[in-house]
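A.B. asks: Below is the structure I would like to discuss, written out as structure tokens.
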Amino acid sequence: MDTSPSSIDSSSPTPAPWSLRHARLTRRELFMLGTGSVIASFFIGAGDISVATSMGAKFGFRLWWTYFVLGIAGWALIDMSVRYFLQFGKTPMTIFKEVHPVFSAYMFLAVVVCALFGSFSQWNACAMVITGFVPGLPIEASGALAALLALLFLFMGVYKRLEHFFVAGLIALMVCLFVSAWLAGFDWKEAAWGLVPNSPREDWKPLFMSNAGSMINAWLILIYPYTMIERGWFTRDLQGKVNILHRARLDYAWGILAAGVVALPLMAAAAGVARPLGILPRDYMDLSVLLEPVAGTACTYLFLIGLFLAAWTAGVGWWLCGAYALLDLVNLPIKMDTRPMRICLILFFIPSTLLLVLRINPIKQILIFAAFLAVVTPLIALVMLYRTTRPDMGYFRWTLRSPKGLALIAVDLFAVCLSVYLGWFEIAKLFAPR
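For what it's worth, the working numbering labels the leading residue of the sequence shown as -16, then goes sequentially.
Given below as structure tokens:
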């Protein structure tokens, strides 16, 4: 990324908002999707697998379009946090710390709850896969083993190594799931029709709400600037900021797109083997059991390997984001290779593995947790919208004087309004007494 000073210096007048052209990316920069793959881990975890499997079993491919509509909102929320970071050199958590102390307390509780239960659900999924291969191993021991492996991996403390691993892991899980779906057999033409927005006659809104909790994720607003700090993606030069923003937008767009792409083979597998029998999988292993008589042992193994990779990388992502956020709240250095980071990770490791003893139904737990995320996100989105629309955003502020400015206003409002509508109105209906 070229962030060297350009002809625009600090003494010259600030150009009109969104008037500068970004530098052209080299081929190497274009295919460096490391941080985007880390972001993808939040989308492609046990939650995405549960929701996509349930969608496929009930509706086939008819709700595939929801990933991309919700993905636009998720992209806009991340974009607000990146614009704020580039303008001020501060993380989005700074906004909550500066507004009022009560927001800091709220964010602390939200970070702890989400990091613990978000990671627990992933270790639970990993445990079920491990016991599928080694039936005699208890769930608690299997989940703790997966969590310990994640802890040791993060203790290596090298961010670039983490990115490389996530890129390889994302490619591997995609290959596993697509080959598994191909062995099970599915209609590509029918899948393509799933990109057309529609609403099935049956009750599909609960699944849509759960998917919204995963795709419009409050923590994605926070984590991307942390990865930019690790990468050194910041400059005081305006043209350099424009170049970085362009590069970053492609990066997290890839992370969001990957969630929709991975959902396809999951829907296909469920539509092919569960839907004809009228079976709605109760957990991750139900679908793997159904795949074997239809497509063979190899199909089942590939599905389980893909599931493990998705859940394990998501567990790593939840811990990483939680630790970054806690370090930020107490004004400690945001780096993987620090002692405070390792202490935070240990504090997440112990309770998230102890929760495995409860043996909570994974599908129900994921749906409830996704609903919780959907409720939390609107507040964070509204605060971000308030802060990023103020005049001191300079070049990155809202404007009605250019097509880019109008498009930005439209996508920001869409993201915030959708998160508020789904998180505070539609979710409330699901839990209202009848």
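All C-beta atoms in this analysis are idealised placements derived from N, C-alpha and C, irrespective of residue type, glycine included.
Remember, predicted model here, so these are calculated numbers, not experimental data.
Taking only three categories from DSSP, how would you classify Gly298?
C.D. replies: Residue state, collapsed to three classes: helix.
A.B. asks: Look at the alpha carbon of Ala133 and the alpha carbon of Met250, and state the distance between them as a whole number of angstroms.
C.D. replies: So the two alpha carbons sit approximately 28 Å from each other.
A.B. asks: Mind listing, in chain order, the continuous beta strand (DSSP E) runs of no fewer than 3 residues lying wholly within the stretch 12 to 58?
C.D. replies: Listed in chain order, nothing qualifies, since the stretch 12 to 58 has no complete beta strand (DSSP E) run of 3 or more residues.
A.B. asks: With DSSP as the reference, label Ser385 as helix, strand or coil.
C.D. replies: Coil.
A.B. asks: With a CB to CB cut of under 6 Å and the five nearest residues on each side skipped, what residues in its chain are close to Phe191?
C.D. replies: Correct list, in chain order: Thr49.
A.B. asks: Looking only at its own chain, which residues have a Cβ that is under 8 Å from the Cβ of Lys73, when we skip the five neighbours before and after it?
C.D. replies: The answer, listed in chain order, is Tyr67.
A.B. asks: Whole angstroms is fine: what's the gap from Ala257's alpha carbon to Lys172's?
C.D. replies: When rounded, the distance between both Cα atoms is 19 Å.
A.B. asks: Could you check the C-alpha separation between Pro361 and Arg45 for me, to the nearest Å?
C.D. replies: Roughly 27 Å between the two C-alpha positions.
A.B. asks: Which class does Glu275 belong to by DSSP, given the choice of helix, strand or coil?
C.D. replies: If DSSP states are grouped into helix, strand and coil, Glu275 belongs with the helices.
A.B. asks: Give me the residue from Arg325, Pro75, Asn107 with the minimum Cα distance to Ser33.
C.D. replies: Closest option to Ser33, Cα to Cα, is Asn107.
A.B. asks: Suppose you measure from the CA of Ile154 to the CA of Asp234; what does that come to, to the nearest Å?
C.D. replies: Whole-angstrom Cα-Cα distance: 15 Å.
A.B. asks: Comparing C-alpha positions only, which one of Leu303, Thr321, Ala167, Asn226 sits nearest to Ala254?
C.D. replies: Considering only alpha carbons, the answer is Ala167.
A.B. asks: Just mark Ile204 as buried or exposed, buried being the case when its beta carbon has 16 or more other beta carbons within 10 Å.
C.D. replies: The residue in question, Ile204, is buried, as its Cβ has 16 or more Cβ neighbours within 10 Å.
A.B. asks: Give, in chain order, every unbroken run of the alpha helix (DSSP H) that is at least 4 residues long and sits entirely within the stretch 203 to 264.
C.D. replies: Taking only runs of at least 4 residues, the alpha helix (DSSP H) segments lying wholly in the stretch 203 to 264 are 221 to 256.
A.B. asks: Determine, using beta carbons only, whether Leu405 and Ala195 come nearer to each other than 8 Å.
C.D. replies: Yes. Within cutoff.
A.B. asks: Rounded to the nearest angstrom, what separates Trp302 and Phe331 at their Cα positions?
C.D. replies: One C-alpha to the other measures close to 7 Å.
A.B. asks: Closest by CA to Ala175, which one among Met76, Ile363, Pro248?
C.D. replies: Per the Cα distances, Pro248.
A.B. asks: Sorted by chain position, which residues of the same chain lie with C-beta nearer than 6 Å to Lys80's C-beta, five sequence neighbours on each side aside?
C.D. replies: Around Lys80: Ser87.
A.B. asks: Pick from Leu92, Ser2, Arg322, Pro386: whose alpha carbon is nearest that of Phe138?
C.D. replies: That would be Arg322, whose Cα lies nearest to the Cα of Phe138.
A.B. asks: Which same chain residues, not among the five before or five after Pro316, have their C-beta less than 8 Å away from its C-beta?
C.D. replies: Leu310, Pro323.
A.B. asks: Closer than 6 Å by C-beta to Ala421: which residues in its own chain qualify, once you throw out the five before and the five after it? Chain order, please.
C.D. replies: Since the first residue of the chain shown is -16 and the last is 417, residue 421 is not available in this structure.
A.B. asks: Does the structure place the stretch 284 to 294 close enough to the stretch 109 to 116 that three or more beta carbon pairs sit under 8 Å?
C.D. replies: The stretch 109 to 116 vs the stretch 284 to 294: in contact.
A.B. asks: From what residue to what residue does the alpha helix (DSSP H) around Ala6 run?
C.D. replies: Premise fails: Ala6 is in no alpha helix (DSSP H) and is neither H nor E.
A.B. asks: For Ser24 and Trp381, I'd like the C-alpha separation in whole angstroms.
C.D. replies: Cα-Cα distance, rounded: 31 Å.
A.B. asks: Take Val366 and list the residues in its own chain whose beta-carbon comes closer than 8 Å to its own, dropping the five residues that flank it on each side.
C.D. replies: Closer than 8 Å at Cβ, skipping near neighbours: Ile78, Phe79, Val82, Phe86.
A.B. asks: Buried or exposed: where does Arg373 fall if 16 or more other Cβ atoms within 10 Å of its Cβ makes it buried?
C.D. replies: Exposed, because fewer than 16 other Cβ atoms sit within 10 Å of the Cβ of Arg373.
A.B. asks: Of the choices Thr(-3), Ala(-1), Leu3, Pro(-2), whose alpha-carbon is the least far from that of Asn226?
C.D. replies: Of the candidates Thr(-3), Ala(-1), Leu3, Pro(-2), the one whose C-alpha sits nearest the C-alpha of Asn226 is Leu3.
A.B. asks: Give a yes or no on whether the C-beta atoms belonging to Tyr207 and Val65 are separated by under 8 Å.
C.D. replies: Yes, Cβ-Cβ distance for Tyr207 and Val65 is below 8 Å.
A.B. asks: Between which two residues does the alpha helix (DSSP H) carrying Thr336 extend?
C.D. replies: From DSSP, the alpha helix (DSSP H) with Thr336 extends over 322 to 337.
A.B. asks: In three-state terms, what does DSSP make of Thr283?
C.D. replies: Helix, per DSSP.
A.B. asks: Applying the 10 Å Cβ sphere with the 16-neighbour rule, what's the burial state of Pro0?
C.D. replies: Burial call: buried.
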